[in-house]
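Quick note on numbering: the sequence shown equals residues 1 to 748 in full-length UniProt numbering.
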Amino acid sequence: MKKFGFITLFFAMFLLQCKESAEVSNQVKLTSFVNPFIGTDGPGNTYPGATVPFGMVQLSPDIGISGWDRIAGYFYQDSIITGFSHMHLSGTGAGDLYDILVMPTNSRFSERIEANHFKPFSSFSHEKESASPGYYTVDLLDYGIKAELTATERTGIHRYTFPKDDSTQIHIDLGYSLNWDSPTETHFNVVDDTTIEGYRKSTGWAKDQRVYFVIKLSKPFKSYQLFKNDSLAKSPVTGKNTKIILDYSTEEGDQIILKTGLSTATIEGAYKSLEEEAPHFDFDEIRNQAEHKWETQLNKINITIADDTKKRIFYTMLYQSMLAPTLLSDLNGDYKGANDSIMNAKGFDRYDTFSLWDTYRAAHPLYTIMHPNRVSDMVNSMLAHYKETGLLPVWSMQGNETNMMIGYHAVPVIVDAYFKGIKDFDVDLAYQACIASATDTSRQIDEYMALGYVPAGDQEDDWSVSKTLEYAYDDWCIAQFAKALGKTDDYNSFIKRSENWQNVYNTNSTFMHPKLKDGTFISDFDPKDYSSYFCESNAWQYFWSVQHNIEGLAERVGGNDVFERKLDSMFTLNPLAEDVLPIFSTGMIGQYAHGNEPSHHVAYLYNYIEKPWKTQKLVREILETQYQNEPSGHCGNEDCGQMSSWYVFSALGFYPMNPAQGVYAIGSPLIDAATVNLENGKTFTVKALNNNKGNVYIQTISLNGEDVDRNYITHKEIMAGGELVFTMGNTPNKRTKNSMAPSSKLYN
């Protein structure tokens, strides 16, 4: 009997293990919940193509026609494709990149149109198109060619499946450009019948962009035609506008793999990209590797939510939060520096595409939770930019400073990393860089230092009020950095500068008000106007940009009751039919514009005046109404991960109102449960009990089994692991007002 019992137990355990293994293997991959088409219609300006997390390559279809709607190369409403280029920006308003266009053709179709500069094109249908993390495919209907794309960090892989045709061709066009981008010098060298090397140098938003490439093909071409400025040329060839057409004969179902290795420094670096990352022509293996990279990153947050559509939105937002910054350095560390020289990153990966006016608010704080090891590389990349130019990046890409937007917002990113214990960088150099950027004489910082505010002028992009407020916030960050390093004089200087927001506050208008150099406020002022004094906003939207002293702001307007009424007005003063709203004023709830970044923290401000239920109601409304699982699912530019990071944080139930403080203000969790798998091996779990669309109000909060009477959680508490539990209900809990961490106090 004992033997029989042992055998029975053994087989029971064996069957249980088999069942558990089957359940694991049958688990639905999180990549299946990602919809890369969200944001490809409407104002989102995203692309649907193939990339890996924070990769150098963004291999994606191009419509081939310029315009605001096609900033990312692709617009969901269009019906043609002009080819597939290797580099794109995610969700910006900047028309740049689109490097190295590849387009397969054959004898079935030869129409050309002026709208895409008479380039080859094909019609396509969304019914014959799909995308998932690391993969994109579409049927080029006019040619009967199936195109598939995947990527590694530094290579783009194409697979084209052809019909029978003796005049099959693959066009590789270096002269192709869209929007702001324009080639300055391009080069082809045909090495042999399967290898082509070259480079494309261009100007646009990035004034000196360089992409070196090596292309290898799985099938030798039988001949080629090389063009310089539309005239036949011999290899090698150099010119502003060059292209090559590769000639093939194909049988039905023939497949040709084209793989492109990239480098921003040298052709040798591009060869190394191919050799190390794509040494073979097994497209499916590389695709699976790309999907695995995404699955690994997406699994850092496992959520439970009853609504499958919301799950798809969540994981798409998590996916889009990792499309920038992008890799700049080669495998050997070489990269094109912001000083226009070839530099080398020693001991870190060099990143760029820092859209800091946008991303300092939520994207970079999200990285400190999800990717702290990568944050070290990002900070070291910013310090490399400083060593190359003497200043920290403002809005940098492809080894260039574009100087777009305002502030010196590398500062809060660096300071936040320092106080969160991410210190794998030269702290003294970082401090020196922060001081240098805050005392430079460009971008009206000299006037800001002399007057205590940026004076209003008459230039088109004056942005004087916005500059004053953004500089003041960054100054608060430097003051905290100085205090921690024992630099008392600097602390006193910058903490005083951090209060410069008060110099543009007008007690008569009760707004941040444009101020002339003589100290008088301008007379013609309407806070609803989108004037040149505010950066992509109006006075309503920028009034709240004092993230480091909300208590002081409330006191300045007359106390919490007045502050509450002003907040209420922010969300109820709807634009009139005759109001002219600019392209960036989208996602409107009253004067709140979720489609642009200055509004992103405002719904959380009720926490600071002991009215958290108002924050809870508004945050849930924004989550429910401003993000959709459809191509037009973004209410504004996605902006390199900021719009999506707002969603990820807010869906989990908290948000970094002051991004460098180490504190997250509580909102209203959308998820039922979430487990954050931290890089330090610990897990942080969030649960929302009794959660549904009607139960938006928090009744109680507990942390690790202990009831808490506060509306915030600290970064340290998250990184220590544990469990945060919200009990939800359908009525505001006005009995427990809960405390809020002072906005000016660090929790490091």
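From the three backbone atoms N, C-alpha and C, an ideal C-beta is built for every residue, glycine too.
Whole-number beta carbon distance between residue j and residue i, since they are thought to touch under 8 Å
i: Y664; j: F654; result: 4 Å
i: S644; j: Q320; result: 4 Å
i: Q591; j: L567; result: At roughly 11 Å, the Cβ-Cβ gap does not stay under 8 Å, so Q591 and L567 are not in contact.
i: Y335; j: T264; result: 5 Å
i: Y136; j: A290; result: Not a contact, Cβ separation roughly 11 Å.
i: A720; j: K745; result: So it is not a contact: roughly 19 Å between Cβ atoms.
i: N704; j: M728; result: Not a contact, Cβ separation roughly 19 Å.
i: S650; j: G662; result: So it is not a contact: roughly 18 Å between Cβ atoms.
i: A660; j: C477; result: 5 Å
i: A484; j: I495; result: With a Cβ gap of about 13 Å, A484 and I495 do not count as contacting.
i: L618; j: F571; result: 6 Å
i: H364; j: D416; result: 7 Å
i: D489; j: P412; result: Actually they do not touch by this definition, with Cβ atoms about 22 Å apart.
Per-residue burial, residue i [other beta carbons within 10 Å of its own, 16 or more giving buried]
i: F4; result: In this prediction, F4 has a pLDDT of 39, which is less than 50 and means its spatial position is unreliable; nothing more can be read from the coordinates.
i: V102; result: buried
i: N549; result: buried
i: G519; result: exposed
i: H126; result: exposed
i: P220; result: exposed
i: T309; result: exposed
i: H280; result: exposed
i: K293; result: buried
i: T541; result: Here the sequence assigns Gln to residue 541, which means Thr is not the residue at that position. Counting Cβ neighbours within 10 Å, Q541 comes out buried, since at least 16 surround it.
i: V24; result: Only weak support exists for where V24 lies, its pLDDT of 38 falling under 50; the value from the coordinates is given anyway. V24 is exposed by the Cβ-count criterion.
i: L576; result: exposed
i: L232; result: exposed
i: L68; result: First, the residue type needs correcting, since residue 68 is Trp and not Leu in the sequence shown. It counts as exposed.
i: S21; result: Note on S21: pLDDT 37, under 50, position unreliable in the model; the coordinate value appears next. The residue in question, S21, is exposed, as its Cβ has fewer than 16 Cβ neighbours within 10 Å.
i: I113; result: exposed
i: K687; result: buried
i: R735; result: exposed
i: S743; result: buried
i: N373; result: exposed
Proximity of residue i and residue j at Cβ, strictly below 8 Å
i: E638; j: G91; result: yes
i: S167; j: D142; result: no
i: H158; j: A151; result: no
i: I145; j: P104; result: yes
i: I245; j: H171; result: yes
i: I71; j: N45; result: yes
i: residue 753; j: L392; result: Residue coverage of the chain in this structure runs from 1 to 748, which leaves residue 753 outside it and unanswerable.
i: N500; j: G552; result: no
i: G269; j: E153; result: no
i: L469; j: V546; result: yes
i: M657; j: H601; result: yes
i: M378; j: Y351; result: yes
i: L366; j: A410; result: no
Nearest residue (CA-CA) to residue i, options the options
i: S739; options: E610, T700 and N730; result: E610
i: H634; options: C640, D142 and Q626; result: Q626
i: D349; options: S376, A436, I256 and F543; result: S376
i: D62; options: Q432, A338 and D173; result: D173
i: T184; options: N538, D446 and Q209; result: Q209
i: I38; options: F75, G64 and M56; result: F75
i: Q459; options: E295, Y533 and G595; result: Y533
i: V237; options: L678, V191 and L262; result: V191
i: G95; options: N179, S32 and L149; result: N179
i: Y418; options: C434, N403 and M588; result: C434
i: K259; options: R287, I305 and P656; result: R287
i: T40; options: S107, S202, D230 and P631; result: P631
i: N302; options: G662, L652 and K734; result: L652
i: T161; options: T194, N106 and E111; result: N106
i: N508; options: L516, I495, S523 and S498; result: S523
i: D529; options: H513, W544 and K517; result: H513
i: N80; options: L140, N189 and A306; result: Note that residue 80 is Ile in the sequence shown, not Asn. Cα-wise, what sits closest to I80 is L140.
beta-carbon residue i near the ligand MG non-hydrogen atom, thresh 7 Å
i: F124; result: Although the ligand MG was asked about, the structure shown includes no ligands whatsoever.
Exercise. What are the uninterrupted segments assigned as alpha helix (DSSP H) that are 4 or more residues long and contained completely in the stretch 540 to 612, given in chain order?
Worked result: Segments of the alpha helix (DSSP H) lying fully in the stretch 540 to 612: 550 to 557 and 560 to 572.
For this session: Output the residue ranges of the beta strand (DSSP E) runs that lie fully inside the stretch 227 to 278 and measure 3 residues or longer, sorted by chain position.
Result: Listed in chain order, the complete beta strand (DSSP E) runs (minimum 3 residues) inside the stretch 227 to 278 are 231 to 233, 237 to 239, 242 to 250 and 255 to 263.
Exercise. Going along the chain, which unbroken runs of the beta strand (DSSP E) with 3 or more residues stay wholly within the stretch 304 to 351?
Worked result: If we require 3 residues or more, the beta strand (DSSP E) runs fully inside the stretch 304 to 351 come out as 334 to 336 and 342 to 344.
Problem set entry | Continuous beta strand (DSSP E) assignments of at least 3 residues falling wholly in the stretch 655 to 700 | As summarised for the stretch 655 to 700, the continuous beta strand (DSSP E) elements at least 3 residues long and confined to that stretch are 663 to 666, 673 to 677 and 683 to 689, given in chain order.
For this session: Note down, one range per segment and in chain order, each alpha helix (DSSP H) of at least 4 residues found wholly within the stretch 127 to 205.
Result: Counting only runs of 4 or more, we get nothing.
Exercise. Fully enclosed by the stretch 425 to 513, which alpha helix (DSSP H) runs are 4 residues long or longer?
Worked result: You should have 427 to 438, 445 to 451, 464 to 484 and 488 to 497.
Problem set entry | Start-end ranges of the alpha helix (DSSP H) lying completely within the stretch 622 to 659, minimum 4 residues | Uninterrupted alpha helix (DSSP H) stretches at least 4 residues long and entirely within the stretch 622 to 659 occur at 642 to 652, given in chain order.
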